[in-house]
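One structure below.
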Amino acid sequence: MTASLTRSTTKQAHHMRSRHAKARIFAKFCGLVTWLGTALLLVLLWQIFSDGLRWLDIDFLRSFPSRFPERAGILSALAGTLWLISLVAIIAIPVGVATAIYIEEFGGKGKLVKIIDINISNLAGVPSIVYGIIGLTLFVRGLQLERSLISGALTMSLLILPVIIIASREAIRTVPDSIRHAAIALGATQWQTVWSHVLPASFPGILTGVILGLSRAIGETAPLIMIGALTYVAFVPEGPMDSFTALPIQIFNWVSRPQEEFHELAAAAIIVLLVVLLSMNSLAIFIRHKMEKKLQ
Amino acid sequence: MSSQSINAETVTTELDNILEMENVSVAYAGNYAVKNVSFNVARNAITSIIGPSGCGKSTLLRCLNRMNDFILDVSIEGKIRFEGQDIYAREVDAVEVRHHMGMVFQKPNPFPKSIFKNVAWGPTVNRYQGSITELVERSLKQASLWDEVKDRLNDSALGLSGGQQQRLCIARALAMEPNVLLMDEPCSALDPISTAHIEDLMFDLKSRYTIVIVTHNMQQASRVSDYTAFMEMGNLIEFDESERLFTRPSNQRTEDYVSGRFG
Amino acid sequence: MSRARHLPSITNGQVRWHESLIQGGLGFCALISIITTATIIFILTRESVGFFQVIPVKDFLFGTSWVPMFEPSSFGVLPLLWGTLVITVGAALICIPIGLASAIYLSEYASAKQRSIIKPVLELLAGIPTVVYGYFALTFVTPALQYLFPDIQVFNALSGSIVVGIMVLPMVATLSDNALRAVPDSLRQGAYALGATSYEVTTQVVVPAGLSGIIASFLLAISRAIGETMAVTLAAGATPNLSFTFLESIQTMTAYIVQVSMGDTPAGGVAYQTMFAVAGLLFVITLLLNVIATFILKRYREVYQ
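Residue numbers (the numbering used here), protein chains in the order written: chain A, 7 to 302; chain B, 14 to 276; chain C, 105 to 409.
Have a look at this one:
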């Protein structure tokens, strides 16, 4: 028996070398592919900024859309997006968090919870355009809310509910049972326990889920097109029953036009959209960081 | 003597020690877990390394087949020689080192594959030339698991009991036809009956393999091993034949530990 | 009242009443998700039934010509299904190999620092709205493709496939990374201790051990690609097409639905109802994929001690 660490026959040595070569090439390949994928983000951002930056000024934010690129702006779209997101937050956050609390704290292990659980994970996979059709049929026509902000907000709320519920449930589940037992042993009711101990402890996680859901709602386009938000709107909506447009709709509109200038306007609007998304996410990270420090 | 100039074939017959450790120190991120340890492992014998938790015994064992290579920030000083060859020499291939030194881990870790594939996998990636079926049968027999699994070789290994899984892991290591079998607390996750099974097995394997076992169980060390190294806080306190170390230790600290007056 | 008996009361009606009210409210919120599903199924079914009373199911599912708006009309959904298939296959060819390679790199090779760069980038890419990918397709991918294939159409399936592939890439990478990281380290160590190289350990032990999670991530990504709307509407055009080519304009099911909703199709007519029939088909396909993915995750998850 040979026990040499440097291989004795050339055949063995050759075999070993090829195995090592394969391992090296594979590792290099995986790394290369990953970094190239990462670089795509840079290409995408570069493309957007090089196209859109020169159109981005205060007038762009203060003007209504127009047939003339140099006069066009996103005032009504930005206002519409802010309106929409506020309404969605008011509707979806309470319902989503309440659902998560019910499933995790009150539902027990019964059949109902199991059905709701399966149902939510399936709803999360329903294409957004299907939600758009439901919004169109149920809210716009069925409840006769017309092509209004509230129709859009209700549709978007249905769309992001699964996101909020799933994230909130995970956050609630990370709260250790010992905290619940301690509170209940002090004579608190189940709801008092949830309200004053479980919710505060899981707040950072819930917040992350909420922001994730709202970001999705800001960027979604298809459901809004379905409910008919793709119209020329040259005013700032004043109430939930007003018709509206939103940033992604305005972007879609400009991208679908053949003229180069409108593509650049779309890039400028995308920059605004990304800034809104990024600032929301940074806010969430900031709050989470603060809360986590306080809890420790 | 310089390690690399020696031709392994001529040396094997002359050396009684298959492994030699010389001033081995291991540091994780600058903290020494093993300090200046030197002792030799005799061929076809069972050598156990004992000591309290955190004494560096597992760390030392993992240096022998270079499993510490995967830990960042680890530095290994001193010399470890296998058949006279420095296993940390630059031209030495860690993968090749592991061909010669099988390892059995603390918790059984069978692959989520069939029993057969668990044993066959190592030889297959190393392009074993003979009959894999025979090799698998021989290895399982050596690990005294054959009779229990011969009718369900294609079942998932995860369906075996903990003790069977550990013997499967031993068979898996034996299938590589190693020179040395390194065992890292192989019985700590097992019940007493499975433990006895594995200890019997170690006696059987002794004639063909050299075994180094890390254990915190002193009874086990005294039962199975020919030589014992006692470590404490990274230092080798005493190394001797097991019989002497457990009955007439020369060091007071060893005596305290083996007699249960630990502290 | 309880004091009079000099005994601490252990029945306090008022607190219990509050509790049940709150619990009822929470339970109602939980029911909303079920109501949503029921509504989706109800609406899609009701309108589709109306559609299928005029157009036989067989003609819809197996017809090879899709001309819903003009006379003589024809309602064979195969061209739309084909369009969706072309986009999805193209996207899968991009996102599956790249996503899996990235997941392997992240879980097996990358240092903590490299991970800390790549993970946020993946999150960012996943958070970019789909309409932005549509813009990317039209202003970057298509011009680049025109350079490679001079006779490619302005709206083409290839561009759509590429951006949809890029879009779902973070999902494959993240979910597969999770699956690989769930494989216990002891398996890797066991494999290395047998004298295997990193390539052998990764491809023959770690990836097979995490396979259920990886396959589920593929299925979920494919389901996303099938339901994707804006990027394909912008990039791939609106020409129902049964030919096997990536260089021409096609129309997916989702793009068709957008087309109808943007036009002036009067509600109630057959042309309007096509939207629901197509959406129903889309719903069934994506639901099926999601259910299979969940099933694989639950059924084939390896249990380690």
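The C-beta atom is built at its ideal place from N, Cα and C for all residues, glycine as well.
B:Ser-61 has B:Ile-226, B:Thr-241 as its beta-bridge partners, per DSSP. CA-CA distance, C:Gly-238 to C:Pro-344, rounds to 19 angstroms. Of the candidates A:Thr-44, A:Leu-48, A:Ala-78, A:Ala-78 places its Cα closest to the Cα of A:Glu-270. The closest CA to that of A:Ser-24, considering only B:Leu-249, B:Ile-211, B:Arg-140, B:Met-231, is found on B:Arg-140. In this structure C:Pro-233 is buried. Its beta-carbon is surrounded by 16 or more other beta-carbon atoms within 10 angstroms.
With contacts defined as CB atoms closer than 8 angstroms, A:Glu-226 and A:Leu-280 fail to qualify as a contacting pair. Going by beta carbons, B:Ala-170 and B:Val-149 fall outside the 8 angstroms limit. The alpha-carbon separation between B:Leu-203 and B:Ala-156 amounts to approximately 16 angstroms.
Contact annotation for A:Ile-231 against chain C: Val-362, Ser-365, Met-366 [CB-CB distance below 7 angstroms, chain order].
Under the Cβ criterion (8 angstroms, minimum of three pairs), the region 177–187 of chain A counts as touching the region 211–229 of chain A. With respect to the 8 angstroms criterion, C:Leu-323 and C:Ala-207 are not classified as neighbours on the basis of their beta carbons. For B:Met-246, no alpha helix (DSSP H) run applies, since DSSP gives it neither H nor E.
Annotated three-state conformation of C:Tyr-296 is helix, per DSSP. The beta carbon of C:Met-173 does not come within 8 angstroms of any beta carbon belonging to chain A, so the residue lies off that interface.
Taking a beta-carbon distance threshold of 8 angstroms, A:Leu-46 counts as an interface residue toward chain C.
A:Gln-265 does not reach chain C, its nearest Cβ partner there being about 12 angstroms away, counting only Cβ pairs nearer than 9 angstroms. For the region 52–106 of chain B, the continuous alpha helix (DSSP H) assignments of 4+ residues that do not extend past its boundaries occur at 70–77, in sequence order.
Around the CB of C:Thr-337, 16 or more other CB atoms lie within 10 Å, so the residue is classed as buried. The Cβ of C:Ala-383 sits closer than 8 angstroms to at least one Cβ of chain A. Judged by beta-carbon spacing, A:Leu-155 lies beyond the 8 angstroms limit of A:Phe-258, meaning their Cβ atoms are not closer than that value. The CB of C:Met-271 never comes closer than 8 angstroms to any CB in chain A; the least such distance is about 11 angstroms. For the options B:Val-87, B:Asp-213, B:Pro-199, the alpha carbon positioned closest to that of B:Val-225 is the one of B:Pro-199.
The Cβ of B:Arg-94 sits no closer than 8 angstroms to any Cβ of chain A. Using a 10 angstroms sphere on the CB of C:Met-173, the tally of other CB atoms stays under 16, which defines it as exposed.
In the DSSP annotation of this structure, the continuous segment of the alpha helix (DSSP H) that includes A:Ser-56 starts and ends at 16–58. For C:Thr-301, the closest Cβ of chain B is nearer than 8 angstroms. With a cutoff of 8 angstroms on beta-carbon distance, B:Cys-182 and B:Pro-121 are scored as near each other. For B:Arg-261 and B:Leu-32, the gap between their C-alpha atoms comes out near 26 angstroms.
Per the Cβ contact rule, the region 97–106 of chain B is not in contact with the region 56–72 of chain B (fewer than 3 Cβ pairs under 8 angstroms).
In the structure shown, B:Lys-120 adopts coil according to DSSP, grouped into three states. Contact between C:Val-161 and C:Val-382 does not hold, since their C-beta atoms are separated by about 13 angstroms, which reaches or exceeds 8 angstroms. With contacts defined as CB atoms closer than 8 angstroms, C:Leu-184 and C:Met-357 qualify as a contacting pair.
Using a Cβ-Cβ cut-off of 7 angstroms, B:Gly-247 is close to nothing in chain C; its nearest Cβ partner there is about 22 angstroms away. Taking the C-beta atoms as reference points, A:Ala-275 is found no nearer than 8 angstroms to A:Ile-217. By the Cβ test, the region 186–200 of chain A is not in contact with the region 241–250 of chain A, since fewer than three Cβ pairs between them sit closer than 8 angstroms. A direct Cα-to-Cα measurement between A:Lys-34 and C:Ser-215 gives close to 14 angstroms.
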